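Here the protein sequences come in this chain order: S and C. Each residue of the first sequence is one higher than the one before, starting from 2 at the first, in our numbering. Each residue of the second sequence is one higher than the one before, starting from 126 at the first, in our numbering. For every residue, glycine included, the Cβ atom is placed at its ideal position computed from N, Cα and C. Remember, predicted model here, so these are calculated numbers, not experimental data. Only one structure is covered here, and it is reproduced in the block below.
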Amino acid sequence: MNLAQFGLVLLPLAVGMVAVWLLLPSDRGRQVVFSAAIAAGAAFIVGGLVLLQRTGPDVPLAFHLLFCTFAAMAIGSGVCMITQSNPVYCALWFALVVLSTCGLFLLQSAMFLAAATIIVYAGAIVVTFLFVIMLAQQTGLAAYDRHAREPLLACIAAFVLLAVFQYALALAGRPATPNAAEPRDLPRALRLLADAQKQLAQGQSPDDVGKELLLRSENPDSTVANVLFQLTETLPADERAQARTALESATTKLGRARLVEDRKLMDESLAELDRIGQSLLLRLQGSPYSQMQVDHVAGLGQSLFGDYLWAVEVAGTLLLIATVGAIAIALRRKEGNA
Amino acid sequence: MNPVLHNYLVIGAALFVLGMIGFLTRRNLIIMFLSAEMMLQGVAINLVAFSAYHRSYQGQVFTIFILTVAACEAALALALILTLYQRRRTLDVSAWQELREPGVEAEPDEVVLEPVEPAASVHFPSLTPAGLEPSTPKEQETTHV
C-alpha cells in the first residue's frame with residue numbers, strides 16, 4: 002500500500018462505519034437488512050483490495066487465504082459483538098473474535114500464544130457469560146441495551162482514527178532508500194549462513210565457502226552485508242565495533258563502485274567483504290547462532306524466563322494483588338454498612 | 126513495508142477501533158468490558174505481527190504480559206460490576222452519573238425506553254416435575270445474585 006492507494010481505502014472505510022452506525026441499537030430500531038448489505042459491500046471491497054494486494058512470491062497462497070478468512074471472521078464477529086443488543090450473544094461473538102485472533106497468531110507461528118489465549122480468554126469468557134446470564138437475563142431486553150449512546154459521534158471518531166492509522170501505514174509503506182538492506186532478506190541470509198557454517202564444519206576450506214556464499218546471494222551487496230552484520234551480533238563488544246567499521250567501509254566502497262560502475266573497484270571491495278566474512282566465519286565456527294530460530298516454544302520460554310524474569314515476577318505479584326483486590330471488592334457487606 | 130505485516134497491522138487497528146466504538150456507545154457494563162478486551166486483542170495482533178517480522182520473541186513476550194494484565198482486569202472488572210449491580214440493581218452505566226466531575230451537568234437519556242418483556246408466545250421445553258415440591262414461605266425474598 003502506498004499513498005495513492007490510501008484514498009482508495011477511505012471509501013470502504015466510510016461505508017463500513019456507516020454500516021456500523023446503522024447496526025448499533027437505537028430507538029429507530031436496527032435496520033439490519035439494509036446495513037448488512039452495506040457492510041457486505043464494504044467487506045467485499047476491502048477483501049478485494051487485500052486479495053489483490055497480495056504479497057510476494059515468498060508468501061504461499063494458502064497462507065494468504067487463511068489470513069483473509071481469519072481476518073474477515075475477526076472483523077465480522079467484532080462488528081456483531083458491538084452491535085448486538087442481547088449481552089449473551091455479545092459474549093458469544095466475542096469468543097469468536099478471540100478464536101479468529103488465535104488463528105491469526107497461529108499463522109504467525111506463535112503457537113504457544115494461541116493456546117494460552119484460548120485458555121485464558123475461554124476462562125474469562127465462561128465467567129463473564131455466567132455473570133451475564135445471572136445479572137442481565139432476568140427481565141428481558143433492558144432499555145439500556147436497546148439504545149446506544151451517541152452512535153453517530155462515536156462512528157465519526159472511529160472513522161477518523163482508523164483513517165489516521167491507514168495514513169501512517171501508507172507513509173511507512175513508501176519505498177525505502179535504495180541502499181537500505183531489506184529485512185526480508187534476513188531469513189534467506191540466515192539460511193545461507195547456516196549452510197556455510199555446516200560446510201566449514203565438514204572441513205571445506207574457508208575460501209571456497211566464502212566464494213559460494215557470495216555466488217548464492219542474489220543481491221550480493223545487501224545479502225552479504227546482512228549476513229555479516231548478523232554475524233557481528235555474536236561477537237564481544239570490542240571485536241564487534243572493529244568488525245563493523247571494516248564492514249561499513251567495505252560496503253560503502255562497494256556501493257560507490259556500483260554507482261560509478263567501476264569494475265575494478267567493485268571486485269576489490271567484493272574481495273574485501275569476502276575476506277571479512279571468512280574471518281568472521283572462522284571466528285564464530287561452532288557458535289550456536291543458527292540454532293536460535295529453530296525452537297519456537299523453547300525460544301519463547303528462554304526469552305521469557307531469561308531476559309524478562311524480573312517482569313515475570315512482577316506480573317505474578319500483580320496477579321496475586323488483583324486476586325486479593327477482587328475478593329476485597331466483591332465481599333458482601335451487611336445492609337447499610339456499605 | 127512487508128505486505129504481510131501491513132495486513133496484520135490493518136486488522137489490529139480495525140479490531141482496536143471497533144472495540145473503541147463499543148466502549149463509547151454501549152451502556153451495558155459487561156459489554157463495555159468486553160469491548161475493552163477486544164481493544165487489547167487488536168494490540169496483541171500488532172505485537173505478534175511485529176514479533177514475526179523481526180524474528181524475535183519480544184513481541185510474543187509482551188503479548189503474554191498483556192494476557193496477564195487482561196486476566197487481572199477481568200477479575201477486578203467483574204468484582205466491580207457485581208458490586209455496582211448489587212447497589213443499583215441495573216447494569217446501566219448511566220445509573221452512575223453522580224460519579225462525574227463537580228460542576229458538570231448530568232446527561233439524561235434522550236429517549237427513555239421501557240424494557241421489553243420476552244415474547245409470551247415463545248415456549249421453552251420443560252421437564253415434568255418429579256417428586257414433591259418443598260414448601261417454602263412465599264414472602265421470603267431470595268438474595269442470591
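Quick one: is S/Gln85 buried, meaning 16 or more other Cβ sit within 10 Å of its Cβ, or exposed? Here residue 85 of chain S refers to the residue found at position 84 when the first sequence is read from its first residue. Burial call: buried.
Strictly below 9 Å CB to CB, what residues from chain S border C/Ser219? The count along the second sequence starts at 1 and reaches residue 219 of chain C at position 94. Simply Tyr145, Arg150.
Own chain partners of C/Ala174 with C-beta closer than 6 Å, once the 5 adjacent residues on each side are dropped: Position 49 of the second sequence holds residue 174 of chain C. Cβ neighbours of C/Ala174 beyond the five flanking positions: Leu130, Tyr133.
Rounded to the nearest angstrom, how far is the Cβ of S/Val99 from that of S/Leu24, given a contact under 8 Å? Numbered from its first residue, the first sequence carries residue 99 of chain S at position 98. Numbered from its first residue, the first sequence carries residue 24 of chain S at position 23. Contact flag wrong, Cβ pair sits at about 21 Å.
From the DSSP output, which residues share a beta bridge with C/Gln217? Looking up residue 217 of chain C in the second sequence gives position 92. Note that residue 217 of chain C is Asp in the sequence shown, not Gln. Paired residue(s): C/Asn153.
Is DSSP giving S/Leu332 helix, strand or coil here? Counting from one through the first sequence, the residue named residue 332 of chain S turns up at place 331. Note: S/Leu332 maps to coil in three-state DSSP.
Within a Cβ cutoff of 7 Å, which residues of the same chain sit near C/Leu165, ignoring the five residues on either side of it in sequence? As a first step, residue 165 of chain C is located in the second sequence; it is residue number 40 there, counting from the start. Closer than 7 Å at the Cβ level, and outside the excluded window around C/Leu165, lie Ile191, Ala195.
DSSP three-state assignment for S/Leu142, whether helix, strand or coil: Within the first sequence, numbered from 1, the residue matching residue 142 of chain S stands at position 141. It is a strand residue.
Under 9 Å, do C/Leu159 and C/Gly167 count as touching if we go by C-beta distance? Taking the second sequence and counting its residues from 1, the one referred to as residue 159 of chain C is at position 34. Taking the second sequence and counting its residues from 1, the one referred to as residue 167 of chain C is at position 42. No, they are not a contact pair.
Rounded to whole angstroms, how far is the Cβ of S/Gly8 from the Cβ of S/Ala40, which I believe are closer than 8 Å? Here the question's residue 8 of chain S lines up with position 7 in the first sequence. Here the question's residue 40 of chain S lines up with position 39 in the first sequence. About 21 Å; that fails the 8 Å criterion.
Based on Cα-Cα distance, which residue from S/Phe95, S/Met135, S/Leu163 lies nearest to S/Ala1? Beyond the ends of chain S as shown, which are 2 and 339, falls residue 1 of chain S; an answer cannot be given.
Cα-Cα separation between C/Met157 and S/Phe68, rounded to whole angstroms: Here residue 157 of chain C refers to the residue found at position 32 when the second sequence is read from its first residue. Here residue 68 of chain S refers to the residue found at position 67 when the first sequence is read from its first residue. Using only the alpha carbons, I get a separation of about 28 Å.
Under the three-state DSSP convention, the category S/Ser101 falls into: In the first sequence, counting from the first residue as 1, residue 101 of chain S sits at position 100. Looking at S/Ser101 - three-state DSSP - the assignment turns out to be helix.
Alpha helix (DSSP H) containing S/Thr246: first to last residue? If you number the first sequence from 1, residue 246 of chain S lands on position 245. From DSSP, the alpha helix (DSSP H) with S/Thr246 extends over 238–261.
By Cβ distance below 8 Å, which residues in the same chain neighbour C/Ser251 in space, the five residues on each side in sequence not counted? Within the second sequence, residue 251 of chain C is the residue found at index 126, counting from 1. So the list is empty, once near-sequence residues are dropped.
My understanding is that S/Leu319 touches C/Thr193, with C-beta atoms under 8 Å, so please give their C-beta distance in whole angstroms. Here residue 319 of chain S refers to the residue found at position 318 when the first sequence is read from its first residue. Here residue 193 of chain C refers to the residue found at position 68 when the second sequence is read from its first residue. Rounded, the Cβ-Cβ distance is 7 Å, consistent with contact.
Among residues of its own chain, excluding the 5 on either side of S/Val325, which ones have a beta-carbon nearer than 7 Å to its beta-carbon? The residue given as residue 325 of chain S occupies position 324 in the first sequence. Cβ neighbours of S/Val325 beyond the five flanking positions: none.
Alpha carbon of S/Leu142 to alpha carbon of C/Arg225, nearest angstrom: If you number the first sequence from 1, residue 142 of chain S lands on position 141. If you number the second sequence from 1, residue 225 of chain C lands on position 100. For S/Leu142 and C/Arg225, the distance between alpha carbons rounds to 27 Å.
Interface flag, C/Arg151 vs chain S, CB-CB below 9 Å: Residue 151 of chain C sits at position 26 when you count from the first residue of the second sequence. Output row for C/Arg151: interface = yes.
Can you pull the chain C residues whose beta carbon is under 7 Å from the beta carbon of S/Tyr309, in chain order? The residue labelled residue 309 of chain S in the question sits at position 308 within the first sequence. In chain order: Val186.
Contact under 9 Å by Cβ, C/Thr208 with S/Leu114: As a first step, residue 208 of chain C is located in the second sequence; it is residue number 83 there, counting from the start. As a first step, residue 114 of chain S is located in the first sequence; it is residue number 113 there, counting from the start. In this structure, S/Leu114 does not lie closer than 9 Å to C/Thr208 by Cβ.
Hey, does C/Val229 have any beta-carbon neighbour from chain B nearer than 9 Å? The structure shown contains no chain B; its protein chains are S and C.
Less than 6 Å between C-beta atoms, sequence neighbours within five positions excluded: which residues of the same chain meet that for S/Glu234? Within the first sequence, numbered from 1, the residue matching residue 234 of chain S stands at position 233. Nothing listed; no residue qualifies.
Count the CB pairs spanning the stretch 177–188 of chain C and the stretch 297–305 of chain S that are closer than 8 Å, and state whether there are at least three. yes
Got a sec: is the Cβ-Cβ distance from S/Ala327 to anything in chain C below 9 Å? Taking the first sequence and counting its residues from 1, the one referred to as residue 327 of chain S is at position 326. Judged by the 9 Å Cβ criterion, S/Ala327 is in contact with chain C.
Listing by chain order, which chain S residues have their CB less than 7 Å from the CB of C/Ala204? Reading the second sequence from its first residue, position 79 is the one you call residue 204 of chain C. Ordered by position in chain S, the residues that pass the 7 Å Cβ test against C/Ala204 are Ala327, Ile330, Ala331.
Under 7 Å from the C-beta of C/Val168: neighbouring residues of chain S: Locating residue 168 of chain C in the second sequence gives position 43, counting from the first residue. By Cβ distance, chain S contributes nothing, its closest Cβ being about 11 Å from C/Val168, past 7 Å.
Round the Cβ separation of S/Met82 and S/Phe71 to the nearest angstrom and send it over; I've been treating them as touching at under 8 Å. Position 81 of the first sequence, counting from 1, holds the residue named residue 82 of chain S. Position 70 of the first sequence, counting from 1, holds the residue named residue 71 of chain S. So it is not a contact: roughly 16 Å between Cβ atoms.
Hey, is S/Pro61's beta-carbon within less than 9 Å of any beta-carbon in chain C? Translated into the one-based positions of the first sequence, residue 61 of chain S becomes position 60. Cβ-Cβ to chain C under 9 Å: no for S/Pro61.
List the whole-angstrom C-beta distance separating S/Leu236 from S/Leu255, where the pair is believed to meet the contact cut-off of C-beta under 8 Å. In the first sequence, residue 236 of chain S corresponds to position 235, counting from 1. In the first sequence, residue 255 of chain S corresponds to position 254, counting from 1. S/Leu236 to S/Leu255, Cβ: 22 Å. No contact.
Roughly how many whole angstroms lie between the Cα atoms of S/Val315 and S/Ile322? Residue numbering aside, residue 315 of chain S sits at position 314 when the first sequence is read from its first letter. Residue numbering aside, residue 322 of chain S sits at position 321 when the first sequence is read from its first letter. Each residue's alpha carbon lies about 10 Å from the other.
Can you look up C/Pro250 in the DSSP assignment and give me helix, strand or coil? Taking the first residue of the second sequence as 1, we reach residue 250 of chain C at position 125. Reduced to three states, the DSSP call for C/Pro250 is coil.
Please decide whether S/Phe45 counts as near chain C, where near means a Cβ-Cβ distance under 9 Å. Taking the first residue of the first sequence as position 1, residue 45 of chain S is located at position 44. Not an interface residue.
Short Cβ contact (9 Å threshold) for S/Phe132 with C/Ile170: Numbered from 1 along the first sequence, position 131 holds the residue referred to as residue 132 of chain S. Numbered from 1 along the second sequence, position 45 holds the residue referred to as residue 170 of chain C. No, the Cβ-Cβ distance between S/Phe132 and C/Ile170 is not below 9 Å.
Alpha helix (DSSP H) containing S/Val297: first to last residue? Residue mapping note: residue 297 of chain S aligns to position 296 of the first sequence, counting from 1. For the record, residue 297 of chain S in the displayed sequence is His; it is not Val. From DSSP, the alpha helix (DSSP H) with S/His297 extends over 297–303.
Got a sec, what are the start and stop residues for the alpha helix (DSSP H) S/Tyr168 sits in? On the first sequence, position 167 is the one that residue 168 of chain S refers to. It spans 152–173 - the alpha helix (DSSP H) in which S/Tyr168 sits, taken as one unbroken run.
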